[in-house]
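A.B. asks: Before we start, here is the structure in question, set down as structure tokens.
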Amino acid sequence: MSPSILISGGTLANGKKSDLLIKEGVIAEMGEKIEDKDAKRIDASNSIVLPGLVDLHTHLREPGREDAETVESGSRAGVKGGFTALSAMANTSPVADTAGVVEQVYRLGQAAGLLDVFPIGAVTRGLEGEHLAEIGAMADSMARVRVFSDDGHCVFDPLVMRRALEYVKKFDGVIAQHAQEPRLTQGSQMNEGIVSSQLGLKGWPAIAEEAIIARDVLLANHVQARLHICHLTTAGGVEIIRWAKARGISVTAEVTPHHLLLTDELARSYDPVFKVNPPLRTEADVMALREALADGTIDIVATDHAPHPAETKECEWQEASFGMLGLETALSIVNKTMVETGLMNWETVAQRMSYAPARIGRYENQGQELKVGAPAHITVINPTQVLRVDRDLVASRSRNTPFHGMELPGRILATIFNGTLVFEGGNA
Amino acid sequence: MRHLLSISDLSKTEALQILNTAEELARVSDGPMKKLPTLRGRTIVNLFAEDSTRTRISFEAAAKRLSADVINFSAKGSSVSKGESLKDTAQTLQAMGADAVIIRHSASGAAQRLADSQWMTGSVVNAGDGTHEHPSQALLDAFTIRKHLAHGGDDLTGLHVAIVGDVLHSRVARSNVLLLTKLGAQVTLVAPPTLLPVGVESWPVKVSYDFDSIIESVDAVMMLRIQLERMTELFFPNAREYSRYFGLNKDRLKLMKPSAIVMHPGPMNRGLEITADSADSARSVILEQVTNGVSVRMAILYLLLAGSQEIGASE
Amino acid sequence: MSLALPAPDMARAITRISHEILERNSGSDSITLLGIPTRGAHLAARIAANMEAIEGKPVQSGTLDITLHRDDLRMRPPRALMPTVIPSLGVEDRNVILVDDVLFSGRTIRAALDALGEIGRPKTVQLAVLVDRGHRQLPIKADYVGKNLPTSPTQIIKVQFTELDGLDAVSLEEGGK
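Protein chains in written order, with this note's numbering: chain A, 1 to 428; chain B, 1001 to 1315; chain C, 2001 to 2177.
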């Protein structure tokens, strides 16, 4: 049994000062100035004590691309970033389109034992966009899949998307769409705009994302199904989601930390560490996304953590793979772009990064408010400390972080999963 | 100047310095002194990952006239799966002691990746990277225009240049827009709407879909090569329509000012973007562009490699 | 700073050199003057003008830029090129008179000889300078000298021509460093 843990001197998301005593996997006691000589003490002065963060969009690469990441290394990166739950996307090799593969991923997560790994199941067989995958089998498996996504690919055929939306209703599932009209993005490399016109890189127009979102919210409404939009990146997409929610359509949306901070101007260096799908957009899009996250039009922050081996990033832009690391820097970036700017407070951060993602994914044991008796999944962050991002010191197996060399506000001091201290930050 | 990657890296002064140096080199190297010892002992590598005989030969001639040693490295294809990666190639060249690498590559930004990487220490000259830029082409184009039309002036103020054709995919167009406007010329792009990039509104140029409306007011017409593959990619219906609206034919040639010149970076699709009589007419300076290319490239190599690695020139 | 050669003395020296060249080469018919830019070119132009006045006929005169043949290019940022203008009869089988303002280490003249070698094969190459300040680093000697000025290596000789600097003068400055 893990030793008890006493988090003292910290402030909860709602602004109230409170100590927490964790025993046998749950929060045993809460209040001011708790004493326990036998417990491991975590000094949370100047720190915020949050419910454990839940990522609804993570690429763990195993099975198939263990050179980039494994469930275990991804878990270590996750707890370093304050996450107590990750959702493993299905674009592995083999694809997670059967009960067998999702159970394998689930077991790997259990074996690593650092946080909850919830496998996401594919929508279509082999991600080919033609035939439905074994959604029921995956839902009933040990992995209890509720989120289905072909992420990496768009479910572009409207009939296939309609059937998928209808079918998952039986399993209380949600289709998470990667919105990218393939015909408008063949060979595309970066956001289509002023910068791409100057750089001679093929453009990826915003409308390729927005057209699919518009179609799918109307479809979801028509068949009365839940829809989730992955990695929203454009102001236009925000407008569509807002319109849909105003009509009561059951759609949720996510934004990545990198889309809250970075723009397509970074492509001028031609450094493929900034190459990502969907691409970095303009300053105006970044501002619209921040506003939308603040007012709840965007429901959650999800990292889209996408590790890639060095040789696929140390080359010409055109040849490079799409994707950025995200787990270890996510909360610091949300702090920088949303809390420090006054757009959100920590209570809303808890909503966007813990309660809401758990709810969408139907992760019952996660995303619960911190109170006595609740499972002890906790993240402690000191927003006054500086996180110096160094790609050579990441826990991930890959090094493709676009934030290398940056100093971000806020360091994770501790991550507690099921009452066990799975990550301790140490001093700056 | 340590590298020449993009026209946007050059100030107007630096660009003029290249042109003026080229002028002197042209006079000297075509006349009294064919071979100069200036870069003796230097090793220049032509790294051409994309086919191009004329540019490569031009750079090779330039390097040899300055007595540099030239190594030709043809690396077809660039992805890891096809063979040696750009990184491995660069590190090999570094180990071979290359003082400069002249790189032509199908990936936009390849020259900058090479220059910014830690893989080699020599100078990098961009001989054309994907659809991004082709700085030495723009410099020789500006040199040619200045020679014919500037009437003793230093720069291109007051001149109107039209660039006609597939601007979207043209690195020659991008470099020329940057350089011609830097030197004070007014530039009009003429193309079908499908071949103009989104974002062109932010460029310091005028845009026209109608070649005939501007043909009488231009001092130089620069025709861009149109690739027939673009037809299958739905940029225009067929070759006939393209030529009709955007080709430089006899009728359009007649409308041009008496002093106006016809240019083309080559290779030409005779009959498509330019008719044979236009290409061979008295106004055509297309062959001269090729000759000027050697002098301009000599100037680039001289300014990058002859002196110490500080920015700017002395005296 | 001291005035080593005021304008009138400069003019007399240039006149004397002009006569000496004519004397040694039996007139101006076989002579091709090549001034080394910047100031050597102005000096060559003056000598040519003198000779034309004396002989009453045109003299072959031009410039020879030696920048591309220098042996010290890598020590400084790249230098601008100056014009090279070879007169109509060329250099082949001619008596070429190289003209420069100051003769110091001799490296400029060495470069000029290299450059000349690329152009053709003169009958003779002779050297005329306004000032010889000593401190040769190569076995080079001037045939015609305006003034011998012993200097220390750190001193600076400043030659000014009206066409370029507004006045004629040769001055000596302390170098410092």
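Ideal placement from N, C-alpha and C gives every residue a C-beta, glycine not left out.
Name, please, each residue of chain B whose Cβ falls closer than 9 Å to the Cβ of E2163(C).
C.D. replies: Here the premise fails: no neighbours, minimum Cβ distance about 17 Å.
A.B. asks: Suppose the cutoff is 6 Å on Cβ atoms and the five residues either side in sequence are ignored; what does the same chain contact list for N2095(C) look like?
C.D. replies: Excluding residues within five positions, the ones whose Cβ falls inside 6 Å are N2025, S2030, I2031, K2123 and T2124.
A.B. asks: Quick one, which residues of the stretch 192-204 of chain A are near chain B if we go by CB-CB under 9 Å, in chain order?
C.D. replies: Those would be E192, G193, I194, V195, S196, S197, Q198, L199, G200, L201, K202 and G203, in chain order.
A.B. asks: Would you check if the stretch 401-416 of chain A and the stretch 382-393 of chain A touch, i.e. whether three or more CB-CB distances between them fall below 8 Å?
C.D. replies: These segments touch.
A.B. asks: Just checking, does the stretch 1295-1306 of chain B make contact with the stretch 1133-1151 of chain B on the three C-beta pairs under 8 Å criterion?
C.D. replies: Counting Cβ pairs under 8 Å, three or more are found: they touch.
A.B. asks: Report all residues from its chain with a CB closer than 7 Å to the CB of P119(A); omit the five preceding and five following residues, and keep chain order.
C.D. replies: Taken in chain order, the residues that qualify are A88, A96, V102, V105, Y106, A143 and V145.
A.B. asks: Which first and last residues belong to the alpha helix (DSSP H) in which R1244(B) is found?
C.D. replies: Residues A1239 to F1246.
A.B. asks: Reducing DSSP to helix, strand and coil, say where A88(A) ends up.
C.D. replies: Of the three classes helix, strand and coil, the one that applies to A88(A) here is strand, per DSSP.
A.B. asks: In terms of residue numbering, what span does the beta strand (DSSP E) encompassing M344(A) cover?
C.D. replies: Premise fails: M344(A) is in no beta strand (DSSP E) and is neither H nor E.
A.B. asks: Using a Cβ cut-off of 8 Å (strictly closer), state whether S1308(B) contacts chain C.
C.D. replies: By this cut-off, S1308(B) is an interface position.
A.B. asks: Assign G1312(B) to buried or exposed, taking buried as 16 or more other Cβ atoms, counted over all protein chains shown, within 10 Å of its Cβ.
C.D. replies: Because the pLDDT at G1312(B) is just 43, under 50, the model does not fix this residue reliably, and the value given afterwards should be weighed accordingly. When all chains shown are included, G1312(B) counts as exposed.
A.B. asks: Taking the alpha carbon of T98(A) as the point to measure from, which residue in G136(A), A414(A) and A39(A) has its own alpha carbon closest?
C.D. replies: Residue G136(A) is the option with its Cα nearest to T98(A).
A.B. asks: Pull the bridge partners of A48(A) from the DSSP assignment, please.
C.D. replies: According to the sequence displayed, residue 48(A) carries Ile and not Ala. I48(A) pairs with T11(A) and I381(A).
A.B. asks: Which partner residues of H228(A) appear in the DSSP bridge assignment?
C.D. replies: According to DSSP, H228(A) bridges with A176(A) and T252(A).
A.B. asks: Taking C-beta pairs closer than 8 Å, name the residues in chain B that L2073(C) reaches, listed in chain order.
C.D. replies: Correct list: T1038, A1306 and G1307.
A.B. asks: Measuring alpha carbon to alpha carbon, tell me which residue in P2153(C), N2148(C), D2168(C) and S2061(C) is nearest V2159(C).
C.D. replies: Measuring from the Cα of V2159(C), the nearest candidate turns out to be D2168(C).
A.B. asks: Where does R2133(C) fall in DSSP's three states?
C.D. replies: Here R2133(C) sits in coil by DSSP.
A.B. asks: Using a Cβ cut-off of 8 Å (strictly closer), state whether L1086(B) contacts chain A.
C.D. replies: Judged by the 8 Å Cβ criterion, L1086(B) is in contact with chain A.
A.B. asks: For chain B, is any of its Cβ atoms less than 8 Å away from the one on E441(A)?
C.D. replies: Given that chain A is displayed from residue 1 to residue 428, the structure contains no residue 441(A) and the question cannot be resolved.
A.B. asks: Interface residues of chain A around P1197(B) at Cβ under 8 Å?
C.D. replies: In chain order: S196, S197 and G203.
A.B. asks: Starting from the C-beta of D1154(B), find all residues in its chain whose C-beta is less than 7 Å away, skip the five residues before and the five after it, and write them out in chain order.
C.D. replies: Closer than 7 Å at Cβ, skipping near neighbours: L1016.
A.B. asks: Between the stretch 236-244 of chain A and the stretch 281-296 of chain A, can you find at least three pairs of beta-carbon atoms closer than 8 Å?
C.D. replies: Taking 8 Å as the limit for Cβ pairs, the verdict is that the stretch 236-244 of chain A does touch the stretch 281-296 of chain A.
A.B. asks: Where does F423(A) fall in DSSP's three states?
C.D. replies: It is a strand residue.
A.B. asks: Mind checking which residues open and close the beta strand (DSSP E) that includes L1114(B)?
C.D. replies: Element bounds for L1114(B): not the beta strand (DSSP E) but the alpha helix (DSSP H), A1110 to D1116.
A.B. asks: Give a yes or no on contact between the stretch 1033-1050 of chain B and the stretch 1166-1181 of chain B, applying the rule of three or more CB pairs nearer than 8 Å.
C.D. replies: Counting Cβ pairs under 8 Å, fewer than three are found: no touch.
A.B. asks: Just to confirm, is the Cβ distance from V1290(B) to R1146(B) under 8 Å?
C.D. replies: Cβ atoms of V1290(B) and R1146(B): not closer than 8 Å.
A.B. asks: Taking 7 Å as the limit between beta carbons, can you name the residues of its chain near S1081(B), skipping five residues before and five after?
C.D. replies: Any reading at S1081(B) is ruled out, since the residue's pLDDT is 37, under 50, leaving its predicted position unreliable.
A.B. asks: Answer yes or no: do H57(A) and E254(A) have a C-beta to C-beta separation smaller than 8 Å?
C.D. replies: In contact: H57(A) and E254(A) (Cβ atoms closer than 8 Å).
A.B. asks: With the cut-off set at 8 Å, would you say L50(A) and I381(A) are in Cβ contact?
C.D. replies: In contact: L50(A) and I381(A) (Cβ atoms closer than 8 Å).
A.B. asks: Mind checking if E316(A) is an interface residue toward chain B, Cβ cutoff 8 Å exclusive?
C.D. replies: For E316(A), the answer is yes, since a Cβ of chain B falls inside 8 Å of its Cβ.
A.B. asks: Decide yes or no for the touch test of the stretch 59-74 of chain A against the stretch 294-310 of chain A: beta carbon pairs closer than 8 Å, at least 3 of them.
C.D. replies: These segments touch.
A.B. asks: Roughly how many angstroms separate the alpha carbons of D216(A) and A292(A), rounded to a whole number?
C.D. replies: Cα to Cα, D216(A) sits roughly 19 Å from A292(A).
A.B. asks: Helix, strand or coil: how does DSSP classify Y167(A) here?
C.D. replies: Helix.
A.B. asks: When Cβ atoms are compared, which residues of the stretch 2083-2109 of chain C fall closer than 7 Å to chain B?
C.D. replies: Residues P2083, T2084 and I2086.
A.B. asks: I need the straight-line Cα distance from T1275(B) to E1133(B), nearest angstrom please.
C.D. replies: One C-alpha to the other measures close to 26 Å.
A.B. asks: May I ask you to list, following chain order, the residues of the stretch 1024-1038 of chain B that have a beta carbon less than 8 Å from some beta carbon of chain C?
C.D. replies: So the close ones are E1024, L1025, R1027, V1028, G1031, P1032, M1033, K1034, K1035, L1036, P1037 and T1038.
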